[in-house]
Ligand code: DAH
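Residue numbers (the working numbering): 24 to 383.
Right, here's the structure in full:
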């Protein structure tokens, strides 16, 4: 066996034995690297006679090419093997059943409350809260509804039982969220910008009334807040809430004891083909009551009406939920019928935001 035959069998065996890319690179350097055995042999050609150089040179070239081809072949084989191993490791059983979504859904009232809160938060309104069992002073007197005022009768109030011998006026289940205006101003003073979503109660029950329902109150007090700010705020809200580019609001003169002037606000809509479209058409839909906060209300809450003024509004959450999501019957909101909840409910975990989308 010649020298070259020994080199060939040694290196081909080492190539075959290399178990990974690093080992293979070591073999390449030992044979074909600058100081590799074959390279050194090539350098010896210079000292040979011309005839010897010709035969040995050709043999060395063949050997170099052969080992080079073996190295390349092995490299591809190692890469294939690595890919195979990876594919086997990352194998996925696509026939496995999917993981079920959480079974519960978010009630439309909760969803809409979150949506309203997100929109007003974007405009700088914080959330204020008050108790559902309220004193009649907060629910009525402080809001400029004195004891014999006819508005008291219109509110179909639920009265709490009084302890025997207690001659104070009974507490009530709050008939609107407006008392939270008083509480928020008492707590925070002015300037102030809050909304107050929550439950309210009235003794009433038919297709459009339930004894408990939801309102959201809005209040903005500053030194130069006007009806124009109210109009802009409500238009901005409606555009965002109903997710339409244009809305048109109509302010109708009205009367509330706690605002002066007062306005009921309608939104332009159409009922064509039995479906409601907000923002276009020839119909108007009443959506809320509003006005400039009455000086007596500011004074009752400890805010100086000579220095401060602002607007307030009150809106039915259930009502705007019905309008936005095409829900026909208010009573179904509170019947806890699972089929209804699954149909009208929202996916848990979808948090409404103005930037990220209110409803999806
Ligand atoms: N509290 C009124 C109601 O329940 C709604 C309302 C009207 C609230 C005008 C306001 C307002 O703040 O300014 O019918």
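For each residue, glycine too, the CB sits at the ideal point set by N, CA and C.
Using a Cβ-Cβ cut-off of 7 Å (strictly less than) and excluding sequence neighbours within five positions of residue i, which residues of its own chain qualify?
{"i": "residue 198", "result": "162, 178, 180, 223, 224 and 225"}
{"i": "residue 79", "result": "68 and 71"}
{"i": "residue 54", "result": "34, 60, 61 and 90"}
{"i": "residue 341", "result": "132, 236, 237, 353 and 356"}
Rounded C-beta distance between residue i and residue j? I'm assuming under 8 Å.
{"i": "residue 216", "j": "residue 243", "result": "5 Å"}
{"i": "residue 367", "j": "residue 343", "result": "Between residue 343 and residue 367 the Cβ distance is about 14 Å, and since that is not below 8 Å, they are no contact."}
{"i": "residue 302", "j": "residue 269", "result": "5 Å"}
{"i": "residue 166", "j": "residue 202", "result": "7 Å"}
{"i": "residue 47", "j": "residue 94", "result": "7 Å"}
{"i": "residue 308", "j": "residue 346", "result": "7 Å"}
{"i": "residue 331", "j": "residue 207", "result": "With a Cβ gap of about 13 Å, residue 331 and residue 207 do not count as contacting."}
{"i": "residue 218", "j": "residue 264", "result": "Not confirmed; about 13 Å, so no contact."}
{"i": "residue 239", "j": "residue 139", "result": "5 Å"}
Could you pull out every residue in the same chain whose Cβ sits closer than 6 Å to the Cβ of residue i, ignoring the five residues on either side in sequence?
{"i": "residue 32", "result": "none"}
{"i": "residue 27", "result": "82 and 86"}
{"i": "residue 262", "result": "270"}
{"i": "residue 260", "result": "142"}
{"i": "residue 205", "result": "161, 165 and 324"}
Helix, strand or coil: which one does DSSP assign to residue i?
{"i": "residue 379", "result": "coil"}
{"i": "residue 308", "result": "strand"}
{"i": "residue 24", "result": "Bear in mind that a pLDDT of 47 at residue 24, under 50, signals an unreliable position, so the number given afterwards is only what the model happens to contain. Correct three-state label for residue 24: coil."}
{"i": "residue 263", "result": "helix"}
{"i": "residue 37", "result": "helix"}
{"i": "residue 113", "result": "coil"}
{"i": "residue 128", "result": "strand"}
{"i": "residue 338", "result": "strand"}
{"i": "residue 300", "result": "strand"}
{"i": "residue 235", "result": "strand"}
{"i": "residue 139", "result": "helix"}
{"i": "residue 225", "result": "coil"}
{"i": "residue 134", "result": "helix"}
{"i": "residue 196", "result": "strand"}
{"i": "residue 278", "result": "strand"}
{"i": "residue 171", "result": "coil"}
{"i": "residue 65", "result": "helix"}
Comparing C-alpha positions only, which one of the options sits nearest to residue i?
{"i": "residue 266", "options": "188, 376 and 324", "result": "376"}
{"i": "residue 232", "options": "115, 339 and 64", "result": "339"}
{"i": "residue 168", "options": "252, 281 and 306", "result": "281"}
{"i": "residue 228", "options": "355, 378 and 67", "result": "355"}
{"i": "residue 393", "options": "109, 35, 103 and 258", "result": "This structure leaves residue 393 out entirely; the chain is present only between 24 and 383."}
{"i": "residue 50", "options": "67, 353 and 30", "result": "30"}
{"i": "residue 150", "options": "172, 111, 156 and 221", "result": "221"}
{"i": "residue 310", "options": "331, 274, 334 and 324", "result": "274"}
{"i": "residue 99", "options": "124, 128, 73 and 38", "result": "38"}
{"i": "residue 96", "options": "40, 214 and 361", "result": "40"}
{"i": "residue 336", "options": "130, 36, 65 and 200", "result": "200"}
{"i": "residue 326", "options": "36, 170, 211 and 148", "result": "211"}
{"i": "residue 286", "options": "334, 328, 296 and 246", "result": "334"}
{"i": "residue 381", "options": "191, 124, 73 and 134", "result": "134"}
Give the straight-line distance between the Cα atoms of residue i and residue j, rounded to the nearest whole angstrom.
{"i": "residue 433", "j": "residue 372", "result": "Only positions 24 to 383 of the chain appear in this structure, which leaves residue 433 out of reach."}
{"i": "residue 24", "j": "residue 83", "result": "Legend: pLDDT at residue 24 = 47, less than 50; position of this residue unreliable, no value from coordinates given."}
{"i": "residue 43", "j": "residue 103", "result": "11 Å"}
{"i": "residue 291", "j": "residue 271", "result": "5 Å"}
{"i": "residue 91", "j": "residue 58", "result": "16 Å"}
{"i": "residue 278", "j": "residue 320", "result": "15 Å"}
{"i": "residue 137", "j": "residue 317", "result": "29 Å"}
{"i": "residue 196", "j": "residue 172", "result": "18 Å"}
{"i": "residue 379", "j": "residue 176", "result": "44 Å"}
{"i": "residue 188", "j": "residue 164", "result": "23 Å"}
{"i": "residue 384", "j": "residue 152", "result": "Only positions 24 to 383 of the chain appear in this structure, which leaves residue 384 out of reach."}
{"i": "residue 154", "j": "residue 115", "result": "54 Å"}
{"i": "residue 324", "j": "residue 127", "result": "42 Å"}
{"i": "residue 359", "j": "residue 106", "result": "55 Å"}
{"i": "residue 144", "j": "residue 112", "result": "49 Å"}
Might you give, ordered along the chain, the residues of its own chain that have their beta carbon closer than 8 Å to the beta carbon of residue i, omitting 5 neighbours on each side?
{"i": "residue 284", "result": "250, 276, 314 and 315"}
{"i": "residue 293", "result": "299, 300, 303, 304, 305 and 306"}
{"i": "residue 56", "result": "62"}
{"i": "residue 131", "result": "344, 348, 350, 356, 367, 368 and 369"}
{"i": "residue 3", "result": "Only positions 24 to 383 of the chain appear in the structure, and residue 3 is not among them; the question remains open."}
{"i": "residue 246", "result": "214, 330, 331 and 332"}
Can you check whether the C-beta of residue i is within less than 8 Å of a C-beta belonging to chain B?
{"i": "residue 240", "result": "The chain inventory of the structure shown lacks chain B, comprising one protein chain alone."}
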